[in-house]
Amino acid sequence: MSLNPLFWLHLRIGGSTRTNVVIVVVFVALIITFASISFYVTDPQDHPQVNAIWLTIMTAAQAVFLLLIAPSAVRRAVQRDFDSGMIESHRLSPMSNLKVILGYLTGAPVQAALMYAVSLVFGSYFAARYALSPGLGGAIGLWATLSGWYFAQVCMLILSLMIGALILLSSLATRGKANVVGIVAVIGFFGGWVAVAFVPGIALLLGVMSGGVLIGLITSAKIGGDASVIVVAAFLQLIFSIIVLAAACGQLRAPERSLFSVRLGLILLLVWGFTLVTGIHVAPKYDWLFSEWCEYAYAQLIASTGAFILIGFFPLFAAAVNRFHSDRAAARRCILLQLVPPLLAALTVLCLYLMLRGIDPGQLPHAARSAFRHWPAWTAIATALLLSFWNDFQWMYVLKALTRRPVVGLLIMLFVLKGVPLMLDGMARFFVEGLGELRWSGHGYLTGLSPIGTLILAPKGGMSIWIGLVVQAALAVGATLLARRARRRLTTCRPTATPVSQDLAALVTQPISDEKDHHDT
34 MSLNPLFWLH LRIGGSTRTN VVIVVVFVAL IITFASISFY VTDPQDHPQV
84 NAIWLTIMTA AQAVFLLLIA PSAVRRAVQR DFDSGMIESH RLSPMSNLKV
134 ILGYLTGAPV QAALMYAVSL VFGSYFAARY ALSPGLGGAI GLWATLSGWY
184 FAQVCMLILS LMIGALILLS SLATRGKANV VGIVAVIGFF GGWVAVAFVP
234 GIALLLGVMS GGVLIGLITS AKIGGDASVI VVAAFLQLIF SIIVLAAACG
284 QLRAPERSLF SVRLGLILLL VWGFTLVTGI HVAPKYDWLF SEWCEYAYAQ
334 LIASTGAFIL IGFFPLFAAA VNRFHSDRAA ARRCILLQLV PPLLAALTVL
384 CLYLMLRGID PGQLPHAARS AFRHWPAWTA IATALLLSFW NDFQWMYVLK
434 ALTRRPVVGL LIMLFVLKGV PLMLDGMARF FVEGLGELRW SGHGYLTGLS
484 PIGTLILAPK GGMSIWIGLV VQAALAVGAT LLARRARRRL TTCRPTATPV
534 SQDLAALVTQ PISDEKDHHD T
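Position one of the sequence shown corresponds to residue 34 (our numbering), numbered consecutively onward.
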């Protein structure tokens with residue numbers, strides 16, 4: 034780090050050497066004081082359990098330092114540089130993008146790293162005492178306990194790298210104003226377990242499964258699961274870290290670009306798909322984590338497919354933005370950008386098929402088992418996905434042409450086109466059948482208007498699927514026409530400060546074949 038001046042810069046800004054020494058001394062004194070009291074007031078026969086408790090406390094402290102405090106320090110450093118204008122000097126400096134990024138990741142969280150180092154020393158001490166004590170700990174052995182403890186440290190460091198890279202990328206994109214750490218913590222506290230239960234790939238990526246296996250390795254607890262999942266989880270986290278760091282390097286000096294390029298977004302999507310497929314395959318081994326897992330097999334399949342589609346918007350958005358910039362600059366059109374929607378649809382179908390191979394057919398509803406063996410269900414799903422991605426691609430182009438913040442409009446559009454039909458259908462069924470105690474024969478027609486609804490209804494069959502596909506095709510045609518008019522306006526009009534509503538009205542009312550405007554151009 035001596036060759037990276039940004040490391041020392043962020044280190045000095047974060048706190049002086051004296052401050053860091055005082056923090057470490059106070060933390061060491063607190064651990065020694067409270068640990069001594071706990072051993073003094075307990076019976077010597079219970080000391081192994083006290084060592085195990087303090088080992089757990091040290092591990093929890095490490096998680097707080099590495100997974101919460103360190104990423105928050107990185108975000109504050111980025112926000113401070115944006116507020117002071119220092120970020121411009123970083124962009125104009127001859128240092129490489131990777132060097133600047135590593136300066137943020139290593140210099141800003143130094144205090145958290147020092148506290149982690151102290152916890153590592155005391156954790157090793159309590160782990161050794163636990164392994165050498167008679168009874169429960171002595172049956173495991175010193176080597177097994179310490180090797181599992183240090184292997185857990187490697188996994189935690191890799192996970193911390195991935196989270197730090199995600200926080201750094203989001204901070205560069207939002208000028209450090211979005212507290213992603215707090216948002217993720219709140220979401221994880223209130224609904225994180227639900228997400229883990231229905232998308233097993235998240236548990237694999239965040240180390241929940243591997244953490245359970247490590248508990249079984251370090252202690253005598255009998256926890257199911259294959260120990261090789263630890264290596265798989267750490268490998269996936271490392272790959273994600275590299276991908277996100279590459280995106281952060283691109284975002285540093287080109288903030289106007291998308292978070293991920295088309296190529297990098299497709300790589301991210303492929304790794305994410307492998308994570309989802311692996312999570313589905315290994316989830317049945319974790320009965321302690323997924324209680325009554327068999328009842329959620331089909332729900333996990335749908336939720337994991339939806340998670341794959343969600344990450345697919347990164348390369349899709351990048352392709353739409355690249356197409357917009359090439360059209361505005363009157364450059365040669367890249368035909369490959371138009372192939373991104375069908376490519377994403379094909380990858381989604383492939384991911385769905387591979388996840389189906391990992392589920393025992395007996396754990397699926399009878400309708401789903403029979404439907405996925407025939408071509409009508411697959412045809413409906415593939416068609417819905419193709420129309421959905423094509424529709425989103427065109428809408429992204431239109432929003433990019435009309436607004437300065439197309440992401441906000443995109444999120445609203447996705448909620449309206451994909452989420453509202455499901456909500457309205459569920460509400461209508463609740464009021465008619467639940468409150469009115471009547472049987473509503475119209476259930477499914479609103480759900481079929483959403484591509485996710487097509488996936489849900491495909492095993493059941495019926496006219497609602499094909500009617501929904503017709504509506505989705507009509508929406509795709511309308512979005513294509515609007516995108517075509519937006520491309521013509523790029524060549525006939527200069528950017529003006531007219532409101533978005535007026536621009537959208539002009540796109541709808543302006544005829545496609547405007548010969549006069551074309552002649553003037």
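Positions of the beta carbon are idealized from the N, C-alpha and C atoms, including for glycine.
Closest to residue 436 by CA distance: which of 424, 519, 84 and 138 is it?
Indexing the sequence shown from 1 puts residue 436 at position 403. Answer by Cα proximity: 519.
Ends of the alpha helix (DSSP H) at residue 158?
Counting from one through the sequence shown, the residue named residue 158 turns up at place 125. Residue 158 -> alpha helix (DSSP H) spans 143-165.
Could you check if residue 270 is buried or exposed, using at least 16 other CB atoms within 10 Å of its CB as the buried criterion?
On the sequence shown, position 237 is the one that residue 270 refers to. Buried, since its Cβ has 16 or more Cβ neighbours within 10 Å.
Judging by CA-CA distance, which residue of 445, 188, 193 and 134 is the nearest neighbour of residue 145?
For this step, residue 145 is matched to residue 112 along the sequence shown. Nearest to residue 145 by C-alpha distance, out of 445, 188, 193 and 134, is 193.
Quick check on residue 289: does DSSP put it in helix, strand or coil?
The sequence position of residue 289 within the sequence shown is 256, counting from 1. In the structure shown, residue 289 sits in coil (DSSP, three-state: anything other than H, G, I, E or B).
Less than 9 Å between the C-beta atoms of residue 280 and residue 294, yes or no?
Taking the sequence shown and counting its residues from 1, the one referred to as residue 280 is at position 247. Taking the sequence shown and counting its residues from 1, the one referred to as residue 294 is at position 261. Taking the C-beta atoms as reference points, residue 294 is found nearer than 9 Å to residue 280.
What is the C-beta distance between residue 157 and residue 179, in whole angstroms, given that I count them as a contact (C-beta under 8 Å)?
Against the sequence shown, residue 157 aligns to sequence position 124. Against the sequence shown, residue 179 aligns to sequence position 146. Going by Cβ atoms, the distance from residue 157 to residue 179 rounds to 7 Å, so yes, they are a contact pair.
Residue 276 versus 290, 303 and 261, residue with shortest Cα-Cα distance:
The residue given as residue 276 occupies position 243 in the sequence shown. Out of 290, 303 and 261, 303 has the C-alpha closest to the C-alpha of residue 276.
Is it right to say residue 332 is buried, meaning 16 or more other beta carbons lie within 10 angstroms of its own, or is it exposed?
Counted from its first residue, the sequence shown places residue 332 at position 299. Residue burial annotation: residue 332 is exposed, with fewer than 16 other C-beta atoms found within 10 angstroms of its C-beta.
Are residue 309 and residue 274 closer than 9 Å when you measure CB to CB?
Numbered from 1 along the sequence shown, position 276 holds the residue referred to as residue 309. Numbered from 1 along the sequence shown, position 241 holds the residue referred to as residue 274. Against a cut-off of 9 Å, the Cβ pair of residue 274 and residue 309 comes out as no contact.
State the DSSP-derived secondary structure class of residue 393, mapped to helix, strand or coil.
Sequence index remark: in the sequence shown, residue 393 carries index 360 (1-based). In the structure shown, residue 393 sits in coil (DSSP, three-state: anything other than H, G, I, E or B).
Would you call the CB atoms of residue 286 and residue 124 closer than 9 Å?
On the sequence shown, position 253 is the one that residue 286 refers to. On the sequence shown, position 91 is the one that residue 124 refers to. In this structure, residue 124 lies closer than 9 Å to residue 286 by Cβ.
At 4 residues or longer, and completely inside the segment 65-150: list those alpha helix (DSSP H) runs for me, N to C.
At a cut-off of 4 residues, the continuous stretches assigned as alpha helix (DSSP H) that sit fully inside the segment 65-150 are 80-97, 103-117, 119-125 and 130-140.
Find the nearest neighbour of residue 565 within the set 404, 400 and 505, judged by alpha-carbon distance.
Outside the shown range of the chain, which is 34 to 554, sits residue 565, and nothing can be said about it.
Whole-number beta carbon distance between residue 216 and residue 100, since they are thought to touch under 8 Å
Walking along the sequence shown from the start, residue 100 turns up at place 67. Walking along the sequence shown from the start, residue 216 turns up at place 183. Incorrect: roughly 14 Å between the Cβ atoms, too far for contact.
Does DSSP put residue 211 in a helix, in a strand, or in coil?
Mapped onto the sequence shown, residue 211 falls at position 178. Residue 211 sits in coil when the DSSP states are folded into three classes, being neither helix nor strand.
Cα-Cα, which of 353, 376 and 393 is closest to residue 443?
As a working mapping, residue 443 is identified with position 410 in the sequence shown. Taking the Cα of residue 443 as reference, the smallest distance to any Cα among 353, 376 and 393 is reached at 353.
Run through the segment 331-386 for me and flag every whole beta strand (DSSP E) of 3 or more residues, listed as ranges in chain order.
Here no run is fully enclosed.
Where does residue 55 sit, in a helix, a strand or coil, going by DSSP?
Walking along the sequence shown from the start, residue 55 turns up at place 22. Here residue 55 sits in helix by DSSP.
Please report the distance separating the alpha-carbon of residue 82 from that of residue 163.
As a first step, residue 82 is located in the sequence shown; it is residue number 49 there, counting from the start. As a first step, residue 163 is located in the sequence shown; it is residue number 130 there, counting from the start. Straight-line Cα distance between these residues: approximately 8 Å.
Under 9 Å between C-beta atoms of residue 371 and residue 356:
Here the question's residue 371 lines up with position 338 in the sequence shown. Here the question's residue 356 lines up with position 323 in the sequence shown. Residue 356 sits close to residue 371, with the two beta carbons spaced by under 9 Å.
Leaving out five residues on either side along the sequence, give the residues of the same chain with a beta carbon under 6 Å from the beta carbon of residue 427.
As a working note, residue 427 is residue 394 in the sequence shown. Hits under 6 Å: 512, 513 and 516.
Where residue 233 falls: helix, strand or coil (DSSP):
Residue mapping note: residue 233 aligns to position 200 of the sequence shown, counting from 1. Residue 233: helix per DSSP, three-state reduction.
Tell whether a beta-carbon distance below 9 Å holds between residue 348 and residue 383.
Numbered from 1 along the sequence shown, position 315 holds the residue referred to as residue 348. Numbered from 1 along the sequence shown, position 350 holds the residue referred to as residue 383. Using a Cβ distance threshold of 9 Å, residue 348 and residue 383 do not count as a contacting pair.
Could you check the C-alpha separation between residue 37 and residue 206 for me, to the nearest Å?
Within the sequence shown, the letter at position 4 stands for residue 37. Within the sequence shown, the letter at position 173 stands for residue 206. In a straight line, the C-alpha of residue 37 is about 23 Å away from that of residue 206.
Got a sec? Which residues, its chain only, sit under 6 Å from residue 267 by beta carbon, not counting five neighbours each side?
In the sequence shown, counting from the first residue as 1, residue 267 sits at position 234. Around residue 267: 188 and 191.
Over the uninterrupted alpha helix (DSSP H) stretch that includes residue 406, give me the two end residues.
The count along the sequence shown starts at 1 and reaches residue 406 at position 373. Counting along the chain, residue 406 falls outside any alpha helix (DSSP H), and DSSP gives it neither H nor E.
Apart from the five residues on each side of it in sequence, which residues of its chain come closer than 7 Å, Cβ to Cβ, to residue 306?
For the purposes of this step, residue 306 is identified with residue 273 of the sequence shown, where counting begins at 1. If you ignore the 5 residues before and after residue 306, its C-beta comes within less than 7 Å of the C-beta of 341, 380 and 384, all in its own chain and listed in chain order.
Closest by CA to residue 487, which one among 419, 463, 523 and 446?
For the purposes of this step, residue 487 is taken as residue 454 along the sequence shown, with counting starting at 1. Its Cα nearest to that of residue 487, the residue 419 stands out among 419, 463, 523 and 446.
Per-residue burial, residue 65 [other beta carbons within 10 Å of its own, 16 or more giving buried]
Numbered from its first residue, the sequence shown carries residue 65 at position 32. Residue 65 is classed as exposed because its beta carbon has fewer than 16 other beta carbons within 10 Å across all chains shown.
So, using beta-carbon positions, are residue 84 and residue 159 closer together than 9 Å?
Translated into the one-based positions of the sequence shown, residue 84 becomes position 51. Translated into the one-based positions of the sequence shown, residue 159 becomes position 126. With respect to the 9 Å criterion, residue 84 and residue 159 are classified as neighbours on the basis of their beta carbons.
Below 8 Å on the Cβ atoms is my guess for residue 43 versus residue 140; work out the distance and round it to an integer in Å.
Taking the sequence shown and counting its residues from 1, the one referred to as residue 43 is at position 10. Taking the sequence shown and counting its residues from 1, the one referred to as residue 140 is at position 107. The beta carbons of residue 43 and residue 140 sit about 3 Å from each other, so the pair counts as a contact at 8 Å.
DSSP-derived helix/strand/coil call for residue 424:
Counting from 1 along the sequence shown, the entry for residue 424 is found at position 391. DSSP places residue 424 in the helix class (H, G or I) of the three-state scheme.
Which term fits residue 40, buried or exposed, when burial requires 16 or more other beta carbons within 10 angstroms of its beta carbon?
Mapped onto the sequence shown, residue 40 falls at position 7. With 16 or more other Cβ atoms within 10 Å, it is buried.
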